[in-house]
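Participant: Take a look at this one; I'll ask things after.
Chains as they are written, first to last, in the working numbering: chain Z, 1 to 94; chain C, 95 to 211.
Now the structure itself:
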């Protein structure tokens, strides 16, 4: 299973779109840096069992704390590290 | 033995990602089984007829032709991203194996590490 990360805005870069093409059931996606702009709307086209996370520090810094979609789980850096340990493969899409 | 998948996703010449990625592939072959996947604008890395003489930079697309000598037998690419750019394998300097999205997911899962450029 793969931990995908997206660190660029979905309205300016294709990182998230490319990621969504290659996500398998059981994978997870972490939104960080400008990738957190994708957390304000529910992401469509996800396979079943694919959880989307977003890094709190990046959300807060961008004023998005009250705008995060319900389906997105907000994590701190420790949570991010825990995910990195849980998944055997990692891929950033930028 | 480590099995590395290198994913090239950016066009050449506009940034150093492509050349750095290719250097990493060549290094990786010294100690691991390496495969290469081209997605999105990374497919342009191997477009034929690149001529960088006036730009004054290296045309490293020719280096892709050497990959079989380093043990990289197959270069894979996204079939969708190839078609989206109006290209066919004949437009590229090396033979590529176009894969659908399900095959790419399987390819990624079949490696011990994925390195993206």
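Glycine residues also receive a C-beta, built at the ideal position from the N, C-alpha and C atoms.
Model, not experiment: these values are computed from the prediction.
Along the stretch 107-138 of chain C, what residues have a CB closer than 8 Å to any CB found in chain Z?
Facilitator: 133, 134
Participant: Does DSSP put residue 133 of chain C in a helix, a strand or coil?
Facilitator: Locating residue 133 of chain C in the second chain gives position 39, where the first residue counts as 1. Taken through DSSP and simplified to helix, strand or coil, residue 133 of chain C comes out as coil.
Participant: Go ahead and pull the three-state DSSP assignment for residue 92 of chain Z.
Facilitator: Translated into the one-based positions of the first chain, residue 92 of chain Z becomes position 92. Three-state DSSP puts residue 92 of chain Z in a strand.
Participant: Counting pairs of Cβ atoms below 8 Å between the stretch 56-75 of chain Z and the stretch 106-113 of chain C, do you hit three or more?
Facilitator: no
Participant: What residue range is occupied by the uninterrupted beta strand (DSSP E) comprising residue 102 of chain C?
Facilitator: Within the second chain, numbered from 1, the residue matching residue 102 of chain C stands at position 8. It spans 97-102 - the beta strand (DSSP E) in which residue 102 of chain C sits, taken as one unbroken run.
Participant: Indicate whether at least one CB of chain Z lies closer than 7 Å to the CB of residue 208 of chain C.
Facilitator: Stepping through the second chain from its first residue, residue 208 of chain C is reached at position 114. True, the Cβ-Cβ gap to chain Z drops below 7 Å.
Participant: Please list, in chain order, the residues of the stretch 61-93 of chain Z that have any C-beta partner in chain C closer than 9 Å.
Facilitator: 88, 89, 90, 91, 92, 93
Participant: Can you give me the start and stop residues for the beta strand (DSSP E) that residue 175 of chain C sits inside?
Facilitator: Translated into the one-based positions of the second chain, residue 175 of chain C becomes position 81. That residue, residue 175 of chain C, is in no beta strand (DSSP E); its alpha helix (DSSP H) goes 173-178.
Participant: Return no unless some Cβ of chain Z is closer than 7 Å to the Cβ of residue 199 of chain C.
Facilitator: Residue numbering aside, residue 199 of chain C sits at position 105 when the second chain is read from its first letter. Yes, its Cβ sits closer than 7 Å to a Cβ of chain Z.
Participant: Could you work out which residue in Z/33, Z/12, Z/5, Z/32 is closest to residue 20 of chain Z when comparing CA atoms only?
Facilitator: In the first chain, counting from the first residue as 1, residue 20 of chain Z sits at position 20. It is Z/5.
Participant: Tell me, please, whether the stretch 160-175 of chain C touches the stretch 52-64 of chain Z by the rule of three or more beta-carbon pairs shorter than 8 Å.
Facilitator: no
Participant: Confirm, please, whether the CB-CB distance from residue 49 of chain Z to residue 26 of chain Z is below 7 Å.
Facilitator: By one-based count along the first chain, residue 26 of chain Z stands at place 26. By one-based count along the first chain, residue 49 of chain Z stands at place 49. Closer than 7 Å, so yes.
Participant: Short of 7 Å Cβ to Cβ, which residues in the stretch 3-24 of chain Z face chain C?
Facilitator: 14, 18, 21, 22, 24
Participant: Given that residue 103 of chain C touches chain Z, what residues does it touch there, using C-beta distances under 9 Å?
Facilitator: Here residue 103 of chain C is taken as the residue at index 9 of the second chain, counted from 1. Among the residues of chain Z, those whose CB is under 9 Å from the CB of residue 103 of chain C are 14, 15, 18, 93, 94, following chain order.
Participant: Answer yes or no: do residue 199 of chain C and residue 22 of chain Z have a C-beta to C-beta separation smaller than 7 Å?
Facilitator: The residue labelled residue 199 of chain C in the question sits at position 105 within the second chain. The residue labelled residue 22 of chain Z in the question sits at position 22 within the first chain. Contact: yes.
Participant: Pick helix, strand or coil for residue 3 of chain Z, following the three-state DSSP scheme.
Facilitator: Along the first chain, read from residue 1 onward, the residue named residue 3 of chain Z stands at position 3. Strand, per DSSP.
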